[in-house]
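Every position in the sequence shown, counted from 1, becomes a number in this note's numbering once 1 is added.
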Amino acid sequence: MTNAAISYGAQKGGAGDTDALRLVQYGGEVLEAFNSNVVMNGLIRNRSISGGKTAQFPAFFKAFADLMVPGTELTGKDVLKNEVTIEADGLLIHDIYVDRIDEMLLHYDLRGPYAKAQGAAIARIYDVMGQMLVFKASQGAELFPGDGGGTTITESASQDFMTSGSDLIDSLNAAKLALEQKDVDTNVLHSVLLPLQWSLIANSDKNINRDFGGQGSTASTVLRTISDIQIHKSNNFMFGRDVTAYNATTNADGLVGHPTDVRRLPATIAAKYQGDLTKVRGLVFTEDAAAMLHVLDLNTETYWDARRRATLLIAEMCAGGDSLRNKCAVALKGK
């Protein structure tokens, strides 16, 4: 009896890897999961680079004009300049081995949920990185003398950012005012919060632009105040948590390298992405507060390991950033 010639539906060109045509679908699912979970991508400055791991971002201070005195020669005036050099980090990666027989014996799809989990995992770390860079900016010094550094707004004795949407809206307006007083362009202004604070604002009748152009709908993940601040929510953010190195004896609440906490972070995450946010409730910022470099955008691979009779699913991204213009960030802090 002659063996049957199997026509593999996912084989490319009738030869080679029998899973070849599944790569695009899986990669697309991971990218879709990343895009649907990530918040900070696009809220701060992004730049894609190749052939290096650093990039320079120029900064210019304001110019000062004089009244012309007749007969005076114009000799030119200087405009103060500076630059911020930002370096990308190592590879952010998530990998899963899928046993061939185990997958065949299952009565449900395995790779779809895995793709969603991998995309969400990369998005969570990316959001933490972006959030921590904006927080770093809010605590940073001025870039030029007299230009102003970051800002922290702390709730007053009568305020409570954990229970009052009205108090949160007041703090958002105060943050915008603080930025405008430092000559920050607030035409596009963002705020990021946890779902609790977002819902307090969403259910407050104070200052929410819910009746104009459909903005502020609680069906969305973005609210817009009458003062034109876009408010984003996500559980990816680490407000109220200690984003520093875990130590069982001296810092059991630290999330960096924590062995069991569901919000834990990699032990190798850089120091610039660490800080104590236990009293921080949210951030207000413009895109100039921080920047992220993308050396490798989100990429996926599937690799058939013949020795292990399993498929390795990989999602990876190489990015990194730093604070940029510190005066463009405000931290909202509890007592």
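The beta-carbon is built from N, C-alpha and C at its ideal position, and this holds for glycine as well.
In this text the structure is predicted, and so the values were computed from the model without any measurement.
Residue i - partner residues in DSSP beta bridges
i: N300; result: E317
i: S324; result: A291
i: K87; result: At residue 87 the sequence reads Ile, which differs from the Lys that was named. Its beta-bridge partners are A56.
i: I94; result: E317
i: F286; result: H191, A330
i: N248; result: N252
i: S49; result: H295
i: F62; result: DSSP output for F62 lists no bridge partner at all.
i: K82; result: F61
i: G276; result: V244
i: A311; result: D100, D306
i: V39; result: BP columns for V39 are empty, so no partner.
i: V281; result: K334
Which of helix, strand or coil DSSP assigns to residue i
i: M293; result: strand
i: Y109; result: coil
i: L68; result: coil
i: Q372; result: Only positions 2 to 336 of the chain appear in this structure, which leaves residue 372 out of reach.
i: G215; result: At G215 the pLDDT is 47, less than 50, meaning the model places this residue with poor confidence and gives no usable figure here.
i: G150; result: coil
i: A34; result: helix
i: A158; result: coil
i: A203; result: helix
i: M29; result: Per the sequence presented here, residue 29 reads as Gly, with Met not at that position. Correct three-state label for G29: helix.
CA-to-CA distance, residue j to residue i, given in whole angstroms
i: I230; j: L75; result: 43 Å
i: P59; j: R310; result: 52 Å
i: K78; j: V70; result: 15 Å
i: T86; j: D100; result: 44 Å
i: A330; j: A138; result: 6 Å
i: V189; j: T251; result: 42 Å
i: E288; j: L111; result: 38 Å
i: G241; j: S165; result: 16 Å
i: G322; j: L297; result: 13 Å
i: K63; j: G258; result: 43 Å
i: A291; j: I102; result: 47 Å
i: E317; j: L144; result: 34 Å
i: M41; j: K273; result: 16 Å
i: H295; j: A89; result: 7 Å
i: A235; j: I202; result: It should be noted that the sequence gives Ser, not Ala, for residue 235. Those two C-alpha atoms are separated by around 14 Å.
i: I97; j: F136; result: 32 Å
i: D262; j: L81; result: 47 Å
i: I227; j: K207; result: 9 Å
i: R125; j: R264; result: 10 Å
i: Q132; j: F238; result: 7 Å
i: I50; j: I315; result: 22 Å
i: I170; j: E156; result: 12 Å
i: V185; j: G150; result: 11 Å
i: R46; j: F286; result: 12 Å
i: F61; j: L180; result: 17 Å
i: S200; j: I232; result: 11 Å
i: N300; j: M163; result: 38 Å
i: K280; j: L194; result: 13 Å
i: G215; j: S159; result: Because G215 sits at a pLDDT of 47, beneath the cut-off of 50, its placement in the model cannot be relied upon, and the following sentence gives the value as read from the coordinates. Near 33 Å, if we compare the C-alpha coordinates of S159 and G215.
Beta strand (DSSP E) segment containing residue i, residue limits
i: D262; result: Neither: D262 is in no beta strand (DSSP E) and is coded neither H nor E.
i: K234; result: 230-234
i: L224; result: 223-225
i: I270; result: Per DSSP, I270 belongs to no beta strand (DSSP E) and is neither H nor E.
Boundaries of the alpha helix (DSSP H) in which residue i is found, first to last residue
i: G120; result: 112-139
i: N174; result: 166-181
Any C-beta of chain B under 8 Å from that of residue i
i: W199; result: No chain B appears in this structure, which consists of one protein chain only.
Cβ-heavy atom distance, residue i to the ligand GTP, below 7 Å
i: Y304; result: As far as ligands go, the structure on display features none, and thus does not contain the ligand GTP.
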